[in-house]
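2 protein chains.
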Amino acid sequence: MAIDFILLRTDSDSHARLGRITTPHGEITTPAFAPVGTQATVKALDPRDLHELGAELILGNTYHLYLRPGADLVAEMGGLHGFMGWDGPILTDSGGFQVFSLANTRRVTDEGVEFRSHIDGSRHLFTPEMVVHTQEQLGADIIMVLDECAEPNDRAYNEQALARTHAWAERCLHAQQRTDQALFGIVQGGVFPDLRRQSAEFLTGLDFPGYAIGGLSVGETKEQMYSMLDITAPVLPEDKPRYLMGVGAPEDLVEGVARGVDLFDCVLPTRLARNGALFTRAGRINIRNAQFARDAAPIEDGCQCYTCRSFSRAYLRHLFKAGELLASRLATIHNVHFLLELMRDIREAITAGSLQAFREEFLGKYPIIPHDVRAANREKRKSRSASHSTTN
Amino acid sequence: MAIDFILLRTDSDSHARLGRITTPHGEITTPAFAPVGTQATVKALDPRDLHELGAELILGNTYHLYLRPGADLVAEMGGLHGFMGWDGPILTDSGGFQVFSLANTRRVTDEGVEFRSHIDGSRHLFTPEMVVHTQEQLGADIIMVLDECAEPNDRAYNEQALARTHAWAERCLHAQQRTDQALFGIVQGGVFPDLRRQSAEFLTGLDFPGYAIGGLSVGETKEQMYSMLDITAPVLPEDKPRYLMGVGAPEDLVEGVARGVDLFDCVLPTRLARNGALFTRAGRINIRNAQFARDAAPIEDGCQCYTCRSFSRAYLRHLFKAGELLASRLATIHNVHFLLELMRDIREAITAGSLQAFREEFLGKYPIIPHDVRAANREKRKSRSASHSTTN
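The listed protein sequences derive, respectively, from chains A and B.
Every letter in the first sequence is one number past the one before it in numbering that gives the first Met the number 0, and letter 374, counting from 1, is 373.
Every letter in the second sequence is one number past the one before it in numbering that gives the first Met the number 0, and letter 232, counting from 1, is 231.
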């Protein structure tokens, strides 16, 4: 087996689990959050920063790395680990999600998905066999099957996409040649309970070493997302890790863990950081605001990250206003620390049997961004990435 | 005295000196190169990086900090040291050079220099008294007098500017109130030997704790620059540090030291790094070039910087091509390390009495960028900064 998963403890008040994944590049204590290193770098951070922050797993994006610098080049340089100088566990996605969200024109057939690169318009075809091969070249510890990401509320599209996703999952399993990588299946089914259940059951039958829940946090409400987790997680085998893809809002980490999720990844902390939006336990602040111009306090009192131990809000605001590179770095350090620290607190609470109290306390203080504001932000990003080539 | 300078050794084959400056924030072993932190940050680096690189002095730009975030705000945040979290020695320039090179319209009178901000067009007046006060608010260990930077080959302009520069130097001395900052005088005089000599003599008479040589590396040839150093350095007192402003090309550091210079500063290593131009002992390379796409070697074999110890040329090229923030950081670490390591080698050679051999060996391998190429690059930068507001 490429990875080993041990369940250390199950919460008595919720479906939360404490566990440990052992990979060829080290251990991941779960529940865990993985910062995203889209193009073989977690934006603005270096591997030493990631170790210092306590990151135990990072993610790379197959779609981006396949297009630039190319998976063969990465393989030549010792795989993603050697190329980017990160010796800890890595997970790569299959590229499917980016093809559906970033690539220009695309055409899905049973064979695979044809698309044009967002960088230079060149034409490419992702098949299940090909994305497994590409991920074998990249060499991550955990790799993902190719799936089709349907619009979450479109029943007919989801039924059709699910059949394809399941067929592709089988083909991915057959295509796998390396034995030192764990290939995870991906549950799809939009916001439809029966499709989600059907998908989880089908994939469980294929006996993957881990299972992802995909197609969430793509525009549906939080209630819909949580309800899909409530339905899906219990169908998945207890002794395999469960990975909620692309989810990283603090409240979703807490709610996801309580519903039995072990792994999360999201660009949220790094992307927000570059916009000056910083996490605190009392909610997000934007450090560019004039109110912080003469504020000698750290981003968050008591925060133990390098940024908060060393710099004031006034200094950070200055760096952002002056367009300095250090702004992104210091803000990213804080935001990634915030989520990793939140996961440490969650794991501690599970250990202590006090997750329910922690959850209530945390959610009592952390204001959730309303659905319509999130939807508007999502639209803004979409229209930006339609005009530029964005990557995160 | 705000600073103390000890001459530890004088080279027998050249005018090179080994010394030590003690400041309120620590010691600087000379000859030393100071990385530039224009806007209260050495671009892309944090204070831990600077300590790890062995930087013993960094520079801040009064013009930029006065405009943004404002010297009063910096003072409120504990001065530059507290604001930017750097506990080592800092030097601030007077802002004069930037007024003459960056600000929009400007009008020089005996009183001072009136200009419009390159950021928002607002109108400001720098007088000798005002720049001393501003630098007292910023709180650097070494501060500079206001000087007028004339076109180096214009005799009439240099004569007129020199009289003003000398009068301003006296006014700066009288304006100084803090006793924990060393105010350096600045020798001007363009490329005219008699004016340089006259300026050095006049300023020496004012008994500054240190002397800068200004108005060089502004378009004159290297021969002219070296010849001005040959003329100026011997006139300056032996027991005071000598600072060659704005000079940082590797060959100029070696040649400057051999002519008796103790301190240098320049944006060159950081600015080049952000463009992908990297120092090696065999000359500069541009890491964006296709030839490095599959190059598994570090930037320079044997280099002990974090970047070279951890990453390949192929990875760095990928980061630059992909527009990743980490590219600037890793390239800056290497280039700053290169110059600081060069200074360490120079100091070792002075100690060992082998500077002449080191100089010949270094210059034999390091190709110097021809004057016309440097002049063309300077013009390109000028036209860029005329259209955008640049800062480094």
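The beta carbon of each residue, even a glycine, is placed where N, CA and C say it ideally should be.
First through last residue of the beta strand (DSSP E) which encompasses residue i
i	result
PHE125/A	122 to 125
MET143/B	141 to 143
GLU26/A	25 to 29
VAL41/B	Looking at the DSSP string, VAL41/B is not in any beta strand (DSSP E), and its letter there is neither H nor E.
CYS265/A	262 to 265
ASN285/B	282 to 285
ARG8/B	3 to 9
GLY409/A	Look at the range of chain A in this structure, 0 to 391, and you will see that residue 409/A is not part of it.
ILE89/A	89 to 91
Cβ distance (whole Å) where residue i is taken to contact residue j below 8 angstroms
i	j	result
HIS63/A	GLN97/A	7 angstroms
GLN176/A	ILE142/A	About 12 angstroms separates the two Cβ atoms, so there is no contact after all.
ASP300/A	ARG312/A	The Cβ separation is near 11 angstroms, so there is no contact.
ALA39/B	LEU56/B	ALA39/B to LEU56/B, Cβ: 15 angstroms. No contact.
GLY59/A	ASP261/A	So it is not a contact: roughly 19 angstroms between Cβ atoms.
LEU145/A	GLY95/A	5 angstroms
GLY255/A	ARG16/A	The Cβ separation is near 11 angstroms, so there is no contact.
PRO249/B	PHE278/B	7 angstroms
ALA342/A	LEU243/A	It is Met, not Ala, that sits at residue 342/A in the sequence shown. That pair is no contact at about 13 angstroms.
PHE183/A	GLY204/A	Rounded, the Cβ-Cβ distance is 15 angstroms, inconsistent with contact.
ALA160/A	GLN187/A	6 angstroms
THR104/B	PHE114/B	7 angstroms
THR231/A	ALA211/A	With 8 angstroms as the limit, THR231/A and ALA211/A do not qualify as a contact, their Cβ atoms being about 10 angstroms apart.
ILE118/B	LEU66/B	6 angstroms
THR21/B	ASP3/B	4 angstroms
PHE319/B	GLY275/B	5 angstroms
HIS14/B	ALA174/B	Contact flag wrong, Cβ pair sits at about 33 angstroms.
GLN355/A	ASP12/A	4 angstroms
Endpoints, the alpha helix (DSSP H) within which residue i is located
i	result
ARG19/B	Run containing ARG19/B: none in the alpha helix (DSSP H); it sits in the beta strand (DSSP E), 16 to 22.
CYS307/A	305 to 309
TYR314/A	312 to 320
GLU255/A	The sequence shown places Gly at residue 255/A, rather than the Glu named in the question. Here the alpha helix (DSSP H) through GLY255/A covers 249 to 257.
GLY53/B	Element bounds for GLY53/B: n/a, residue is neither H nor E.
PHE82/B	78 to 83
ALA296/B	Careful: ALA296/B lies outside any alpha helix (DSSP H) and carries neither H nor E.
LEU194/B	192 to 204
GLN170/B	Reading the sequence as shown, one finds Arg at residue 170/B and not Gln. 154 to 174 is the extent of the alpha helix (DSSP H) around ARG170/B.
VAL73/B	70 to 75
THR220/A	Unbroken run through THR220/A: none, as it is neither H nor E.
VAL234/A	No alpha helix (DSSP H) contains VAL234/A, which DSSP labels as neither H nor E.
LEU354/B	354 to 364
GLY95/A	95 to 100
Residues bridged to residue i [DSSP beta-bridge criterion]
i	result
ALA181/A	ILE141/A
GLU113/A	ARG106/A and LEU124/A
ALA211/B	ILE185/B and TYR242/B
PHE337/B	For PHE337/B, which the question treats as bridged, DSSP gives no partner whatsoever.
VAL398/B	The structure shown has nothing for residue 398/B, since chain B only spans 0 to 391.
ALA276/A	ASN285/A
Tell me, please, whether the region 262 to 273 of chain B touches the region 344 to 351 of chain B by the rule of three or more beta-carbon pairs shorter than 8 angstroms.
-> no
Say whether the region 112 to 123 of chain A touches the region 81 to 89 of chain A, bearing in mind that this needs 3 or more beta-carbon pairs closer than 8 angstroms, one atom from each stretch.
-> no
Quick one: any contact between the region 317 to 337 of chain A and the region 228 to 240 of chain A, if contact means 3 or more CB pairs under 8 angstroms?
-> no
Cβ contact (3+ pairs, closer than 8 angstroms) linking the region 361 to 373 of chain A and the region 70 to 79 of chain B = At 8 angstroms Cβ cutoff, the stretches do not touch.
Validate contact between the region 211 to 219 of chain A and the region 149 to 167 of chain A using beta carbons, cut 8 angstroms, 3 pairs | yes
Should the region 280 to 289 of chain B be called in touch with the region 4 to 13 of chain A, which here means at least 3 C-beta pairs below 8 angstroms?
-> no
Given 8 angstroms, three or more beta-carbon pairs between the region 21 to 28 of chain B and the region 40 to 48 of chain B | no
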